[in-house]
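Chemist: Sharing a structure below in structure tokens format, with a few things to ask.
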Amino acid sequence: MYRRDYTDMAAGAFLVLFGAGVTYTSVTYYPMGNVGRMGPGMFPAGLGVILAVFGVILGLQALRRPGEKPDIRVFSPFFVLAGIAAFAAVIVPFGLIPAIVAILVISSMADLKIRPVSLAISCLGMSLFAPFVFVFCLGLQLPLLRWPF
Amino acid sequence: MELFGNLAMGLGVALSLTNLFYCFLGALLGTIVGVIPGLGVLAAISMLFPLTFHLEPTTALIMLAGIWYGTTYGGSTASILLNLPGTPANAVTCLDGYPMAKQGRGGVALFMTTVASFFGASFGIILLTLFTPVIADYALRFGSAEYFALMLMGLVASSTVSEGSAIKGLAAVTIGIIFGLVGMDTQTATVRFSFGVLGLLEGVSLIALAMGIFGVAEIIMSVRRVRATDIDPESVKLKAIKPTRDDVRRSWFPMLRGATIGSFFGTLPGTGPSIAAFLSYAVEKRVSKTPERFGNGAIEGIMGPESANNAADQTAFIPTLSLGVPGSATMALMLGVLMIHGVAPGPNLISNQPELFWGLIMSFWVGNVILLLLNIPLIGLWVRMLTIPYHLLYPAVLMFICIGAYTSGFSPLNIWMVAAFGSIGFVMRIFRFPGAPLLLGFVLGPLMEEHFRRAMVLSRGDFAVFFERPISAVIMALTGLVLLWSVWSSESLRTRRKTRAAGRNGAGDKGSAADEETT
Amino acid sequence: MKKILTALTLTLGLAQPLMAQEFPSGTVSLVVPYSPSGNTDILARHLAPYLEKKWGQAVVVDNRPGGGSMVGTAQVSQAAPDGLTLLVTTSAYVTAPAIQPDLPFDPRTDLVPVANVGYVSYILVTPGSSHFDTLDQFVEDSKENPKFAATAGLGTTTHFAIEAFIASSLANIDVVHYKGGGPAVVAVLSGEADIYGSSVSSAGENLTTGDLKVLAVLGTERIAALPDVPSTTELGYEDTEIHQWVGVFAPKGTDPGVVAKINADINEVLRNEVFIKTVTPLDWTLEQSTPEGFAKEVDMELTKWKALAKEQGISK
Numbered sequence: 007m008y009r010r011d012y013t014d015m016a017a018g019a020f021l022v023l024f025g026a027g028v029t030y031t032s033v034t035y036y037p038m039g040n041v042g043r044m045g046p047g048m049f050p051a052g053l054g055v056i057l058a059v060f061g062v063i064l065g066l067q068a069l070r071r072p073g074e075k076p077d078i079r080v081f082s083p084f085f086v087l088a089g090i091a092a093f094a095a096v097i098v099p100f101g102l103i104p105a106i107v108a109i110l111v112i113s114s115m116a117d118l119k120i121r122p123v124s125l126a127i128s129c130l131g132m133s134l135f136a137p138f139v140f141v142f143c144l145g146l147q148l149p150l151l152r153w154p155f
Numbered sequence: 020m021e022l023f024g025n026l027a028m029g030l031g032v033a034l035s036l037t038n039l040f041y042c043f044l045g046a047l048l049g050t051i052v053g054v055i056p057g058l059g060v061l062a063a064i065s066m067l068f069p070l071t072f073h074l075e076p077t078t079a080l081i082m083l084a085g086i087w088y089g090t091t092y093g094g095s096t097a098s099i100l101l102n103l104p105g106t107p108a109n110a111v112t113c114l115d116g117y118p119m120a121k122q123g124r125g126g127v128a129l130f131m132t133t134v135a136s137f138f139g140a141s142f143g144i145i146l147l148t149l150f151t152p153v154i155a156d157y158a159l160r161f162g163s164a165e166y167f168a169l170m171l172m173g174l175v176a177s178s179t180v181s182e183g184s185a186i187k188g189l190a191a192v193t194i195g196i197i198f199g200l201v202g203m204d205t206q207t208a209t210v211r212f213s214f215g216v217l218g219l220l221e222g223v224s225l226i227a228l229a230m231g232i233f234g235v236a237e238i239i240m241s242v243r244r245v246r247a248t249d250i251d252p253e254s255v256k257l258k259a260i261k262p263t264r265d266d267v268r269r270s271w272f273p274m275l276r277g278a279t280i281g282s283f284f285g286t287l288p289g290t291g292p293s294i295a296a297f298l299s300y301a302v303e304k305r306v307s308k309t310p311e312r313f314g315n316g317a318i319e320g321i322m323g324p325e326s327a328n329n330a331a332d333q334t335a336f337i338p339t340l341s342l343g344v345p346g347s348a349t350m351a352l353m354l355g356v357l358m359i360h361g362v363a364p365g366p367n368l369i370s371n372q373p374e375l376f377w378g379l380i381m382s383f384w385v386g387n388v389i390l391l392l393l394n395i396p397l398i399g400l401w402v403r404m405l406t407i408p409y410h411l412l413y414p415a416v417l418m419f420i421c422i423g424a425y426t427s428g429f430s431p432l433n434i435w436m437v438a439a440f441g442s443i444g445f446v447m448r449i450f451r452f453p454g455a456p457l458l459l460g461f462v463l464g465p466l467m468e469e470h471f472r473r474a475m476v477l478s479r480g481d482f483a484v485f486f487e488r489p490i491s492a493v494i495m496a497l498t499g500l501v502l503l504w505s506v507w508s509s510e511s512l513r514t515r516r517k518t519r520a521a522g523r524n525g526a527g528d529k530g531s532a533a534d535e536e537t538t
Numbered sequence: 024m025k026k027i028l029t030a031l032t033l034t035l036g037l038a039q040p041l042m043a044q045e046f047p048s049g050t051v052s053l054v055v056p057y058s059p060s061g062n063t064d065i066l067a068r069h070l071a072p073y074l075e076k077k078w079g080q081a082v083v084v085d086n087r088p089g090g091g092s093m094v095g096t097a098q099v100s101q102a103a104p105d106g107l108t109l110l111v112t113t114s115a116y117v118t119a120p121a122i123q124p125d126l127p128f129d130p131r132t133d134l135v136p137v138a139n140v141g142y143v144s145y146i147l148v149t150p151g152s153s154h155f156d157t158l159d160q161f162v163e164d165s166k167e168n169p170k171f172a173a174t175a176g177l178g179t180t181t182h183f184a185i186e187a188f189i190a191s192s193l194a195n196i197d198v199v200h201y202k203g204g205g206p207a208v209v210a211v212l213s214g215e216a217d218i219y220g221s222s223v224s225s226a227g228e229n230l231t232t233g234d235l236k237v238l239a240v241l242g243t244e245r246i247a248a249l250p251d252v253p254s255t256t257e258l259g260y261e262d263t264e265i266h267q268w269v270g271v272f273a274p275k276g277t278d279p280g281v282v283a284k285i286n287a288d289i290n291e292v293l294r295n296e297v298f299i300k301t302v303t304p305l306d307w308t309l310e311q312s313t314p315e316g317f318a319k320e321v322d323m324e325l326t327k328w329k330a331l332a333k334e335q336g337i338s339k
């Protein structure tokens, strides 16, 4: 436990920054119009300000109370997100099945334990099951295997 | 009585062998497609809708209705068991449904959801049957100012649904609205916040956002923490679906309240099930004597909202059938089916095509019953899925999410967005910001802006319009009340929890043991 | 040498019709840049089975809504010009570009007009409870009491329809945008908007029940569905001819022979008795065209609406 709720203060700071960013972008790039005919910029600009206000209130509240330690994980988010990114990068050039293998392999490493046998089985299983469901049953046009070179 | 005659005729139509078969087929397909995480309800319906093209109009509508229930129901299954909401209404179910699943009460949650849905739908159907012209008429009194006020109220209410400070809830709503504004502004054709990416012209994909913030974030937090052996194998047997007496006792009023709220909101085109679900949750939390149970597996937390969103789904037919204005995207599809077959919706539909109308209404009931029967054995299957070791389950779930995201738009952009929102969701978990209000803000934000701007144009720049028009003024006042109440009660909740903790350390708290859902 | 040249010319000359002969070589995709079950989508879905029968290949409707039809249109402009991806869109094709300056395609050059399918006319409707019985009364009153006109969205044909009327009548009317025809009709029903340029099918039953009043038909002629309603030209408002049409386009570079074939096949469907009977209740007036004629029409309308937009101050 911390004496002050640093997590929430950090959260408040994020909100202020994000809100300010939104308002700045809106005011600079999009016409504001007037109140009777609001331009595309007015509403988001207002929201940005409101968000920043929330951030300040949150920060002030956090100042006056103790806070718990935040729960920050490093490995799981890395592998899970890397797995998703791999799928996104692989599916168009190489097709569905390589993408499936990529995501299954990479994201399962988030467990920090590599189980080659069960991994191989699930890759095989999913490579059969997913195309069956999506391409065969639902009729979606997803290329299974491609070689772009 | 003419009404009974009509109902009987309708039942006859609904129970004809063809219609029964197609209803069943629709419900089955819908459920299966709806369960797949990553495929939203709307995507599922759009995929299956062409199947109805070659059927008779009545049969086509019945099958479409079956598909629709099925997908909605399948969506709740994914929400409860995997914390993967397909719609904002599902996100509310996640709040207490998912904790219930983690406590080994997933079967109960799924079963009770079906019951609540049935109840809500029946309530809505009755209203639909008796009051269509009256309701349609009064719905016309809601103009842009009123819609804005309603949405604002819904959003403020949604910020109260989770534990923790109301400020975080409101901030989450605001962030959600901002995400919702990405894309082309339909009032001025200016593209906002797209930073040159063509795929963002239409805005951020709802599926990508929901899957990222709920599903991926959940997986990130659960990896290496959840052990499948934590779930008692006994709990996945058929017996485990049976709710306890306590559950049943607690469910009646939430269902009733939920159905009332849902029926009201469903009749207003465009607002719909999502707001109804959130409001119902907020109301239940407010009237409960033990609000701290919410978010930890309180059965009222799913009974009320599920009943509400199903009632809303039913009453959404009222503006669709009588005004010809679809209340939601699903209704638009239904309307399309009618028009393809040359049936013109409008107040005369009921008198011109009685078999169609009453047949459809009775088939709603039949469809719901079919779903009830269909899903009981399926529940066992789904819950058994949870006993798969997590390290095998989660990569597969991620795969489904990615495929689902890819199929809505056939561009890897959506998948990248899932990753982005997964990170955002993860950060939100660290800072303890609630996800459900963000989702509602995302969906309602752009609509709210549209109504706001239009109200301002119509009032020629006068802000007071929201307080001068009677209906709008009432709603704004209610919103203010909700806001004050929530800020006040979040503080008092904090104090109550502290005293409870202090009390438990001391002499022991007799009252809480009975209320607490034990793991 | 001569022999070779002759052979070459003959081959090249044959190549065009040969390509048309091979068309289509696979599934044809009719891209509809609107969500399923709108007017255009329904028409495309009615068209599809006839084309499927004629071509012997699957013809599927692909919905790509967004940006007032511009998203789907942009996607087709970038598709392969093999005739397998066709755009089925409305006159938003010529109105939206007048208002959206930064389109990722040029509507004059990046797509080839293939065929016109048909059109619907617009009627000017007011709430049933309003006390104006003629259009002139409405216009006159607007000088003292400014009115609101609903549209189905910025850049839609209903928007331009009402702008054309405003330009011609010099009435004091402010435009309010709604999202789609449905909400626009509801706005007039509830009285939030005072007038709207609707299609007959959008107005629906409300015309017979009296919840909506029709003041005029936009254009030069009266329509069969409402024989007693005067046209705006009759009443003295010039330059108010506007219809919502549906047309088929192909990506630029599509072989002209293929374009001609698709055009001919579509025209054949438009003459089909059963097809006519199915779509007429939906208020369509079918019209056959040639690719060149349609292209000229499209070009002319692009210019016309751009000019109107500039004049009314709504362009960018």
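Protein chains in written order, with our numbering: chain A, 7 to 155; chain B, 20 to 538; chain C, 24 to 339. Quick reminder that beta carbons are idealized off the backbone N, C-alpha and C, glycines included.
1) For P168 (chain B), count the other beta carbons within 10 Å of its own beta carbon; 16 or more makes it buried, fewer makes it exposed. Which is it?
2) Is L70 (chain C) near the ligand NAP, in the sense that its beta carbon is under 8 Å from a heavy atom of that ligand?
3) What number of angstroms, rounded off, separates the C-alpha of R211 (chain B) from the C-alpha of G202 (chain B)?
4) Would you mind working out which of B:T207, B:P465 and B:F482 sits nearest L225 (chain B), comparing C-alpha positions?
5) Check whether the Cβ of I449 (chain B) lies closer than 9 Å to any Cβ atom in chain A.
6) Whole beta strand (DSSP E) runs in the segment 90-174 of chain C with 3 or more residues, listed along the chain?
7) Do G151 (chain C) and N229 (chain C) count as a contact pair if the criterion is CB distance below 9 Å?
8) Within the chosen definition, does the segment 136-155 of chain C reach the segment 264-281 of chain C through at least 3 CB pairs nearer than 8 Å?
9) Where does R208 (chain B) sit, in a helix, a strand or coil, going by DSSP?
10) Under 9 Å, Cβ to Cβ, is there at least one residue of chain C near Q206 (chain B)?
11) Let me know the alpha helix (DSSP H) ranges lying completely inside the segment 257-306 of chain B, each 4 residues or longer, listed in chain order.
12) Chain A beta carbons: is any one of them nearer than 9 Å to that of Y117 (chain B)?
13) With a threshold of 6 Å on Cβ separation, who are the neighbours of L379 (chain B) within its own chain once the five nearest residues in sequence on each side are excluded?
14) Can a CB atom of chain B be found closer than 9 Å to the CB of G101 (chain A)?
15) Do G42 (chain A) and R479 (chain B) have their C-beta atoms closer together than 9 Å?
16) Counting only Cβ pairs nearer than 7 Å, list the residues of chain B close to F171 (chain C).
17) Could you check the C-alpha separation between S181 (chain B) and F313 (chain B) for me, to the nearest Å?
18) Give the single residue among A:F138, A:L118, A:V62 and A:D11 whose Cα lies nearest to the Cα of V22 (chain A).
19) Establish whether the CB of P104 (chain A) and some CB of chain B are separated by less than 9 Å.
20) Judging by CA-CA distance, which residue of B:M240, B:D156 and B:I197 is the nearest neighbour of Y413 (chain B)?
21) For a contact meaning CB atoms closer than 9 Å, what does L67 (chain B) contact in chain C?
22) Near N295 (chain C), which residues of its chain fall below 8 Å by C-beta distance, leaving aside the five closest residues on each side in sequence?
23) Considering only DSSP beta bridges, list what K236 (chain C) is partnered with.
24) On a Cα-Cα basis, can you pick out the residue from B:A295, B:L44, B:M28 and B:W507 that is closest to I389 (chain B)?
25) Taking buried to mean at least 16 other C-beta atoms within 10 Å of its own C-beta, is T538 (chain B) buried or exposed?
26) Specify the secondary structure class of S225 (chain C) as computed by DSSP and reduced to three states.
27) Based on the DSSP output, what are the partners of I86 (chain B) in its beta bridges?
28) Given that a residue counts as buried once 16 or more other Cβ atoms are within 10 Å of its Cβ, and exposed if not, what is M323 (chain C)?
29) Is the shortest distance between the beta-carbon of V210 (chain B) and the beta-carbons of chain C less than 9 Å?
30) Please report whether the beta-carbon of E469 (chain B) lies at a distance below 9 Å from any beta-carbon of chain C.
31) Given that a residue counts as buried once 16 or more other Cβ atoms are within 10 Å of its Cβ, and exposed if not, what is G162 (chain B)?
32) Can you check which of these residues, C:A119, C:T113, C:I218 and C:V117, is closest to S165 (chain C) by C-alpha distance?
33) Considering only their Cβ atoms, is the gap separating C129 (chain A) from I106 (chain A) smaller than 9 Å?
34) What residues of chain B sit near G89 (chain C), judged by a beta carbon separation below 9 Å?
35) Below 8 Å, can you find three or more Cβ-Cβ pairs linking the segment 171-180 of chain C to the segment 194-210 of chain C?
36) Relative to chain B, which residues along the segment 28-51 of chain A have a C-beta separation below 9 Å, given in chain order?
Modeler: Result, derived from the coordinates:
1) In the second sequence, the residue the question calls residue 168 (chain B) occupies position 149. Here the sequence assigns Ala to residue 168 (chain B), which means Pro is not the residue at that position. Buried: at least 16 other Cβ atoms inside 10 Å.
2) Judged by which ligands are present, the structure shown has none, so any question about the ligand NAP falls away.
3) Along the second sequence, one-based indexing puts residue 211 (chain B) at 192. Along the second sequence, one-based indexing puts residue 202 (chain B) at 183. Taking C-alpha positions only, R211 (chain B) is separated from G202 (chain B) by approximately 5 Å.
4) To locate residue 225 (chain B), count along the second sequence from 1; it is residue 206. In terms of CA proximity to L225 (chain B), B:P465 leads the group B:T207, B:P465 and B:F482.
5) Within the second sequence, the letter at position 430 stands for residue 449 (chain B). Flagged as an interface residue toward chain A: I449 (chain B), by a C-beta distance shorter than 9 Å.
6) Entirely contained in the segment 90-174 of chain C, the beta strand (DSSP E) runs reaching 3 residues are, in chain order, 108-113, 134-143, 145-150 and 170-174.
7) Reading the third sequence from its first residue, position 206 is the one you call residue 229 (chain C). Reading the third sequence from its first residue, position 128 is the one you call residue 151 (chain C). Yes.
8) Output reads yes: the segment 264-281 of chain C touches the segment 136-155 of chain C.
9) As a working mapping, residue 208 (chain B) is identified with position 189 in the second sequence. Arg is not the amino acid found at residue 208 (chain B); the sequence shown has Ala there. The answer is coil: DSSP assigns A208 (chain B) none of H, G, I, E or B.
10) On the second sequence, residue 206 (chain B) is found 187 positions in, with the first residue counted as 1. Chain C, which has a Cβ nearer than 9 Å to the Cβ of Q206 (chain B), makes this yes.
11) Counting whole runs of 4 or more residues, the segment 257-306 of chain B contains the alpha helix (DSSP H) stretches 264-285 and 291-306.
12) Here residue 117 (chain B) refers to the residue found at position 98 when the second sequence is read from its first residue. Chain A, which has no Cβ nearer than 9 Å to the Cβ of Y117 (chain B), makes this no.
13) As a first step, residue 379 (chain B) must be located in the second sequence, where it is residue number 360. So the qualifying residues of the chain are L80.
14) As a working note, residue 101 (chain A) is residue 95 in the first sequence. With 9 Å as the cut-off, G101 (chain A) does not count as an interface residue toward chain B.
15) Start at 1 with the first residue of the first sequence, and residue 42 (chain A) comes out as number 36. Start at 1 with the first residue of the second sequence, and residue 479 (chain B) comes out as number 460. It is a contact, given that the beta carbons lie within the stated cut-off.
16) Counted from its first residue, the third sequence places residue 171 (chain C) at position 148. Listed by position along chain B, the residues whose Cβ is nearer than 7 Å to that of F171 (chain C) are L477.
17) Here the question's residue 181 (chain B) lines up with position 162 in the second sequence. Here the question's residue 313 (chain B) lines up with position 294 in the second sequence. Taking the straight line from one Cα to the other gives about 8 Å.
18) Here residue 22 (chain A) corresponds to residue number 16 of the first sequence, with the count starting at 1. For the options A:F138, A:L118, A:V62 and A:D11, the alpha carbon positioned closest to that of V22 (chain A) is the one of A:V62.
19) In the first sequence, residue 104 (chain A) corresponds to position 98, counting from 1. Cβ-Cβ to chain B under 9 Å: no for P104 (chain A).
20) The residue labelled residue 413 (chain B) in the question sits at position 394 within the second sequence. The shortest Cα separation from Y413 (chain B) among B:M240, B:D156 and B:I197 belongs to B:M240.
21) The residue given as residue 67 (chain B) occupies position 48 in the second sequence. The contacting residues do not exist; L67 (chain B) stays about 11 Å from chain C at best.
22) Locating residue 295 (chain C) in the third sequence gives position 272, counting from the first residue. Excluding sequence neighbours, N295 (chain C) sits near Y73.
23) Position 213 of the third sequence, counted from the first residue, corresponds to residue 236 (chain C). K236 (chain C) pairs with C:T149.
24) As a first step, residue 389 (chain B) is located in the second sequence; it is residue number 370 there, counting from the start. The shortest C-alpha separation from I389 (chain B) is found at B:L44.
25) On the second sequence, position 519 is the one that residue 538 (chain B) refers to. Any reading at T538 (chain B) must be qualified, since the residue scores a pLDDT of 34, below 50, and its modelled position is unreliable; the value itself is stated next. Classified as exposed, T538 (chain B) has fewer than 16 neighbouring CB atoms from the shown chains inside 10 Å of its CB.
26) Along the third sequence, one-based indexing puts residue 225 (chain C) at 202. Annotated three-state conformation of S225 (chain C) is helix, per DSSP.
27) For the purposes of this step, residue 86 (chain B) is taken as the residue at position 67 of the second sequence. Per DSSP, I86 (chain B) has no beta-bridge partner at all.
28) One-based indexing of the third sequence puts residue 323 (chain C) at position 300. Flag for M323 (chain C) reads exposed.
29) Start at 1 with the first residue of the second sequence, and residue 210 (chain B) comes out as number 191. Yes, its Cβ sits closer than 9 Å to a Cβ of chain C.
30) Stepping through the second sequence from its first residue, residue 469 (chain B) is reached at position 450. Answer yes: the Cβ-Cβ gap between E469 (chain B) and chain C drops below 9 Å somewhere.
31) For the purposes of this step, residue 162 (chain B) is taken as the residue at position 143 of the second sequence. Buried, since its Cβ has 16 or more Cβ neighbours within 10 Å.
32) The residue labelled residue 165 (chain C) in the question sits at position 142 within the third sequence. When each option's Cα is compared against that of S165 (chain C), the closest is C:I218.
33) Locating residue 106 (chain A) in the first sequence gives position 100, counting from the first residue. Locating residue 129 (chain A) in the first sequence gives position 123, counting from the first residue. Closer than 9 Å, so yes.
34) Mapped onto the third sequence, residue 89 (chain C) falls at position 66. The contacting residues are G202, M203, L220, E221 and G222.
35) Yes, the segment 171-180 of chain C is in contact with the segment 194-210 of chain C.
36) Cβ contacts with chain B come from V28, T31, S32, Y35, Y36, P37, G39, N40, V41, G42, R43, M44, G45, P46, G47, M48, F49 and P50.
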